[in-house]
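Before any comments, here is the structure.
Number of protein chains: 2
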Amino acid sequence: MNKVKTEYVTFKQDFRLESGRVLSPITVAYQRYGKINSDKSNVILLCHALTGSAHAAFQLDNDDNKKVVGWWDSMVGSQKAFDTDKYHIICPNILGSCYGTTGPASIDPSKQSPYGLDFPVVTIKDMIKLQKILLDHLKIDKLYAVAGGSLGGMQVLEWGVNFPDIAEKLIVISATSKITPMAIAFNTVAREAIRSDRNFNDGNYYGKEYPKDGLAVARMAGHITYLSDTAFHNKFGRRLSGQDSIYDFYSRYEVENYLVYNGHKFTERFDANSYLYLLKAMDIFDLSYNFESLDEAVESIKAKVLLIDFTSDFLFPLYQGDELNDVMISKGVDVVRETIDAHYGHDSFLIEVDEQSKIIINFLNK
Amino acid sequence: MNKVKTEYVTFKQDFRLESGRVLSPITVAYQRYGKINSDKSNVILLCHALTGSAHAAFQLDNDDNKKVVGWWDSMVGSQKAFDTDKYHIICPNILGSCYGTTGPASIDPSKQSPYGLDFPVVTIKDMIKLQKILLDHLKIDKLYAVAGGSLGGMQVLEWGVNFPDIAEKLIVISATSKITPMAIAFNTVAREAIRSDRNFNDGNYYGKEYPKDGLAVARMAGHITYLSDTAFHNKFGRRLSGQDSIYDFYSRYEVENYLVYNGHKFTERFDANSYLYLLKAMDIFDLSYNFESLDEAVESIKAKVLLIDFTSDFLFPLYQGDELNDVMISKGVDVVRETIDAHYGHDSFLIEVDEQSKIIINFLNK
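Sequence order for the protein chains is A and B. According to the numbering used here, the first sequence holds residues 256 to 621 in order. According to the numbering used here, the second sequence holds residues 256 to 621 in order.
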């Protein structure tokens with residue numbers, strides 16, 4: 256299996272955020288897969304989702320037991336959708352995350368301790384502007400494509416609007432130009448669960464007990480939105496766990512075990528403050544922000560666009576894809592929309608490999 | 256305005272639960288509206304939902320400021336859907352609740368302190384069996400109708416199956432014969448939020464700080480399921496609260512304020528342990544339990560049945576109403592199904608008064 260290592264670069268210059276606040280220094284963690292060609296015309300930038308990392312594929316250099324599988328390993332590699340025999344793929348960890356790129360757990364130089372809630376609110380536009388600085392550093396000024404799902408898809412949209420001359424193709428999967436109030440409601444439950452944890456301490460928990468239970472509950476609420484009613488039926492039904500009795504107060508359904516297990520497992524790999532900042536970035540994301548309308552924002556896009564969504568996604572419902580597609584068509588964007596019939600809900604972009612791959616390969620080859 | 260007081264009766268005999276465990280003594284709180292006629296043929300039993308109480312309508316005797324409105328005040332009263340000029344209506348608080356009927360906050364006679372988690376798991380069948388004991392005490396052996404929404408509708412179904420000769424008509428609103436795994440998932444988030452609260456202390460929090468924050472988060476998760484995507488759009492949109500800036504970490508959307516406000520407000524009126532026990536009762540409810548199939552369970556029903564559901568209910572989706580209706584038809588039950596086009600989601604039965612009233616009045620008059 257191909258190996259990959261996470262690379263890091265630290266930028267010392269001031270990075271001015273959309274909010275007006277300044278971060279400095281900023282580190283970006285990123286991974287690269289496949290060879291870049293001589294004219295640098297085969298570069299694809301991958302944008303990860305809420306809790307992803309730079310590790311999209313391949314085997315980590317120091318991971319001899321192959322424990323950590325990349326978040327899109329099924330899609331990135333030799334002869335896969337993002338074919339590393341043909342393309343040079345770069346995947347940076349996003350601003351505000353906790354996998355190497357600067358975020359609330361990073362050291363605030365003004366106090367020599369982690370930022371915590373002194374970290375500024377960051378936006379998806381801030382994330383892609385930092386990715387642009389990374390590309391400049393790597394001396395890459397053209398992208399063959401930018402691709403990503405969910406929060407990653409939102410980054411792709413911002414790429415198209417803010418840097419219309421850089422990417423030839425945009426692959427926007429399971430995304431939206433702004434999330435629904437119901438999605439904000441789910442994020443609210445997550446936020447309140449974390450903030451009310453006994454160990455949250457206004458975000459100052461580094462080096463102490465951390466808000467594990469609150470983060471676990473937050474993630475459980477998230478897991479509901481990543482699946483769908485049908486996925487819940489297919490995956491768990493109403494099966495009780497093992498030999499549990501319905502009359503036992505502590506008995507659990509399998510769906511319950513799944514949520515509790517995955518909720519708590521998540522806390523081993525993610526920082527609660529990062530989760531809060533990234534939920535915030537998702538909530539406040541609005542592609543039309545600072546434009547008169549979504550039409551005007553979309554008008555800037557020059558790249559060919561592929562929109563992929565999935566029938567069972569109730570977090571970012573299909574009518575949002577319809578709207579985005581319609582606006583793009585009306586503004587003359589060269590857009591293809593593919594709606595895949597899938598039961599996995601919002602998470603389908605991580606699971607429905609076959610049909611998604613065909614569509615992406617076809618779009619990249621055109 | 257008509258006045259009503261909550262009445263209480265305590266039964267000293269052993270009450271054997273479905274689980275085999277025994278509760279004694281048991282108190283039931285209930286309210287009565289409208290006059291009973293001489294042959295006692297005009298009695299309607301109302302079954303309340305998850306966090307309801309015996310106070311369905313009228314003005315509480317000691318509530319001079321009219322602060323506490325009954326949960327179905329729009330539907331119960333003179334010339335309303337449940338017309339108190341014609342019917343004698345009884346609404347008991349359910350077993351396991353915290354509004355007067357015995358629940359986990361009640362005194363456990365074996366230890367002279369609140370049951371807490373020593374309270375037995377109770378089922379919806381247990382609830383209606385206790386209601387039957389109340390009716391026996393009131394010397395009522397026939398019911399003109401039993402009616403209720405959500406968890407109340409589940410009680411109505413159990414009435415029809417377990418006491419087929421007592422009620423002439425059943426009005427089952429926004430209910431299901433068993434909840435979906437996704438609904439269990441929402442209840443899991445609520446449960447875990449309560450249990451991980453710093454003050455939960457395995458349910459032994461009476462007289463001390465109570466698990467306010469966890470219960471608030473639990474209720475926020477519930478509120479998502481009571482509404483619908485459309486209701487969230489119509490009610491809140493993506494409006495920010497007041498003068499908040501999107502770049503302020505603590506800024507809130509209106510939907511967020513709504514959830515946080517209502518989540519915390521709920522904790523002033525409800526006991527966290529009761530919430531856990533009632534969620535459990537909802538999770539384990541399965542009308543076909545102890546029968547070979549749902550068909551066999553439904554076959555027992557002799558009453559005329561009115562099923563009402565609402566198009567936007569995603570907690571108890573319409574396909575569940577379809578299934579229940581189909582089974583009833585196939586088993587020769589005299590059933591009418593009415594699906595009301597409404598945007599309010601699961602909570603529509605508390606809100607969509609006009610159309611619901613017409614349908615109910617028509618059904619009761621037939």
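By construction, the Cβ of each residue, glycine as well, lies at the ideal position given by its N, Cα and C atoms.
Worksheet item: According to DSSP, is P369 of chain B helix, strand or coil?
Response: Counting from one through the second sequence, the residue named residue 369 of chain B turns up at place 114. In the structure shown, P369 of chain B sits in a strand (DSSP, three-state: E or B).
Worksheet item: Got a sec, what are the start and stop residues for the beta strand (DSSP E) G628 of chain B sits in?
Response: Any property of residue 628 of chain B remains undetermined from this structure, which presents chain B solely from 256 to 621.
Item to complete: Report the residue from B:Q268, B:G477, B:K613 whose alpha carbon sits nearest the alpha carbon of V444 of chain A.
Response: Residue 444 of chain A sits at position 189 when you count from the first residue of the first sequence. That would be B:G477, whose Cα lies nearest to the Cα of V444 of chain A.
Worksheet item: Who are the neighbours of L305 of chain A on chain B, taking C-beta pairs under 9 Å?
Response: On the first sequence, position 50 is the one that residue 305 of chain A refers to. Per Cβ cutoff of 9 Å: no residues; L305 of chain A is ~17 Å from chain B at best.
Discussion item. Against chain B, with Cβ distances strictly below 9 Å, would E447 of chain A count as a contact?
Written reply: The residue given as residue 447 of chain A occupies position 192 in the first sequence. E447 of chain A counts as touching chain B.
Worksheet item: Among the residues of its own chain, which have a CB less than 8 Å from the CB of D328 of chain B, if the five just before and after it don't count?
Response: Locating residue 328 of chain B in the second sequence gives position 73, counting from the first residue. A311, A312, F313, listed in sequence order.
Worksheet item: Mind checking whether L303 of chain B and T480 of chain B have CB atoms under 9 Å apart?
Response: As a working mapping, residue 303 of chain B is identified with position 48 in the second sequence. As a working mapping, residue 480 of chain B is identified with position 225 in the second sequence. Reading off the sequence, residue 303 of chain B comes out as His, not Leu. Going by C-beta atoms, H303 of chain B is not nearer than 9 Å to T480 of chain B.
Worksheet entry | Pairwise C-alpha distance: D363 of chain B and A558 of chain B | Position 303 of the second sequence, counted from the first residue, corresponds to residue 558 of chain B. Position 108 of the second sequence, counted from the first residue, corresponds to residue 363 of chain B. Their backbone Cα atoms lie some 38 Å apart in a straight line.
Discussion item. Is the separation between the beta-carbon of K384 of chain A and that of N417 of chain A shorter than 9 Å?
Written reply: For the purposes of this step, residue 384 of chain A is taken as the residue at position 129 of the first sequence. For the purposes of this step, residue 417 of chain A is taken as the residue at position 162 of the first sequence. Going by C-beta atoms, K384 of chain A is nearer than 9 Å to N417 of chain A.
Worksheet item: Alpha carbon to alpha carbon, what distance is there between L278 of chain B and P419 of chain B?
Response: In the second sequence, counting from the first residue as 1, residue 419 of chain B sits at position 164. In the second sequence, counting from the first residue as 1, residue 278 of chain B sits at position 23. Rounded to the nearest angstrom, the two C-alpha atoms are 25 Å apart.
Practice prompt. Return the chain-ordered list of same chain residues with a C-beta closer than 6 Å to the C-beta of E578 of chain B, the five sequence neighbours on each side being excluded.
Written response: Translated into the one-based positions of the second sequence, residue 578 of chain B becomes position 323. Closer than 6 Å at Cβ, skipping near neighbours: no residue.
Discussion item. Residues of chain B with CB closer than 9 Å to the CB of H488 of chain A, please, in chain order.
Written reply: In the first sequence, the residue the question calls residue 488 of chain A occupies position 233. Ordered by position in chain B, the residues that pass the 9 Å Cβ test against H488 of chain A are T435, P436, M437.
Discussion item. Let me check understanding here. Comparing Cα to Cα, which of A:R524, A:G289, A:L305 lies closest to T378 of chain A?
Written reply: Position 123 of the first sequence, counted from the start, is the residue given in the question as residue 378 of chain A. Of the listed residues, the one whose Cα sits closest to T378 of chain A is A:L305.
Worksheet item: Whole alpha helix (DSSP H) runs in the segment 412 to 452 of chain B with 4 or more residues, listed along the chain?
Response: 436 to 450
Item to complete: Starting from H219 of chain B, follow the alpha helix (DSSP H) in both directions and report where the run begins and ends.
Response: With chain B covering 256 to 621 only, the question about residue 219 of chain B has no answer from this structure.
Worksheet entry | For I362 of chain A, three-class secondary structure by DSSP | Here residue 362 of chain A refers to the residue found at position 107 when the first sequence is read from its first residue. Reduced to three states, the DSSP call for I362 of chain A is strand.
Worksheet item: Under a three-way DSSP split, which group does I395 of chain A fall into?
Response: Translated into positions along the first sequence, residue 395 of chain A becomes position 140. In this structure, I395 of chain A counts as coil in the three-state DSSP scheme.
Worksheet item: For Q498 of chain B, which option in B:G492, B:N489, B:Y508 has the closest C-alpha, if you only look at C-alpha atoms?
Response: Counting from one through the second sequence, the residue named residue 498 of chain B turns up at place 243. It is B:Y508 whose Cα lies nearest to the Cα of Q498 of chain B.
Worksheet item: Do you know how far the Cα of F540 of chain B is from the Cα of V331 of chain B?
Response: As a working note, residue 331 of chain B is residue 76 in the second sequence. As a working note, residue 540 of chain B is residue 285 in the second sequence. Going from the Cα of V331 of chain B to the Cα of F540 of chain B covers about 27 Å.
Practice prompt. Let me know the secondary structure DSSP gives G408 of chain B once reduced to three states.
Written response: Position 153 of the second sequence, counted from the first residue, corresponds to residue 408 of chain B. In the structure shown, G408 of chain B sits in a helix (DSSP, three-state: H, G or I).
Worksheet item: When burial is assigned at 16 or more other CB atoms within 10 Å of the CB, is K467 of chain A buried or exposed?
Response: Position 212 of the first sequence, counting from 1, holds the residue named residue 467 of chain A. Its Cβ being crowded by 16 or more others within 10 Å, K467 of chain A is buried.
Worksheet item: The alpha helix (DSSP H) spanning Q611 of chain B covers which residue range?
Response: Start at 1 with the first residue of the second sequence, and residue 611 of chain B comes out as number 356. Counting along the chain, the alpha helix (DSSP H) containing Q611 of chain B begins and ends at 608 to 620.
Worksheet item: So T435 of chain A packs on F487 of chain B, CB below 8 Å; how close in whole Å?
Response: By one-based count along the first sequence, residue 435 of chain A stands at place 180. By one-based count along the second sequence, residue 487 of chain B stands at place 232. With 8 Å as the limit, T435 of chain A and F487 of chain B qualify as a contact, their Cβ atoms being about 7 Å apart.
Fill in: Beta-carbon contacts of L570 of chain A that lie in its chain and below 6 Å, excluding the five residues immediately before and after
To locate residue 570 of chain A, count along the first sequence from 1; it is residue 315. Excluding residues within five positions, the ones whose Cβ falls inside 6 Å are A438, T480, H601.
Worksheet entry | A284 of chain A, DSSP secondary structure in three states | To locate residue 284 of chain A, count along the first sequence from 1; it is residue 29. In the structure shown, A284 of chain A sits in a strand (DSSP, three-state: E or B).
Practice prompt. Residues of the segment 272 to 283 of chain A with a CB closer than 9 Å to any CB of chain B: list them in chain order, please.
Written response: L272, E273, S274, G275, R276
Worksheet item: What do you get for R524 of chain B, buried or exposed, if any count of 16 or more other CB atoms within 10 angstroms of its CB means buried?
Response: Here residue 524 of chain B is taken as the residue at index 269 of the second sequence, counted from 1. With fewer than 16 Cβ atoms within 10 Å of its Cβ, R524 of chain B is classed as exposed.
Discussion item. Can you check which of these residues, A:K335, A:S555, A:Y354, A:K397, is closest to N292 of chain A by C-alpha distance?
Written reply: For this step, residue 292 of chain A is matched to residue 37 along the first sequence. Answer by Cα proximity: A:K397.
Discussion item. On the CB-based measure, 16 or more other CB atoms within 10 Å of its CB, does D628 of chain A come out buried or exposed?
Written reply: Lying outside 256 to 621, the shown extent of chain A, residue 628 of chain A is not represented and no answer is given.
Worksheet item: From what residue to what residue does the alpha helix (DSSP H) around T564 of chain B run?
Response: For the purposes of this step, residue 564 of chain B is identified with residue 309 of the second sequence, where counting begins at 1. Here residue 564 of chain B is Asp; the residue named in the question, Thr, does not match the sequence. Per DSSP, D564 of chain B belongs to no alpha helix (DSSP H); it is in the beta strand (DSSP E), 559 to 565.
Worksheet item: Among the residues of its own chain, which have a CB less than 6 Å from the CB of A527 of chain B, if the five just before and after it don't count?
Response: By 1-based counting over the second sequence, the position of residue 527 of chain B is 272. The answer, listed in chain order, is I449, P466, L470.
Discussion item. Short of 7 Å in beta carbon distance, which residues of its chain neighbour P644 of chain B, apart from the five on each side in sequence? Order them along the chain.
Written reply: Outside the displayed span of chain B (256 to 621) sits residue 644 of chain B, for which this structure offers no information.
Worksheet item: Which same chain residues, not among the five before or five after S506 of chain A, have their C-beta less than 8 Å away from its C-beta?
Response: Taking the first residue of the first sequence as 1, we reach residue 506 of chain A at position 251. Closer than 8 Å at Cβ, skipping near neighbours: L495, S496, D499, S500.
Practice prompt. Consult DSSP for E593 of chain A and reduce its assignment to one of helix, strand or coil.
Written response: As a working note, residue 593 of chain A is residue 338 in the first sequence. Three-state result, E593 of chain A: strand.
Worksheet item: Counting along the chain, where does the alpha helix (DSSP H) carrying T485 of chain B start and finish?
Response: The count along the second sequence starts at 1 and reaches residue 485 of chain B at position 230. Element bounds for T485 of chain B: 484 to 490.
Fill in: At least three beta-carbon pairs within less than 8 Å, the segment 264 to 271 of chain A to the segment 314 to 328 of chain A
no
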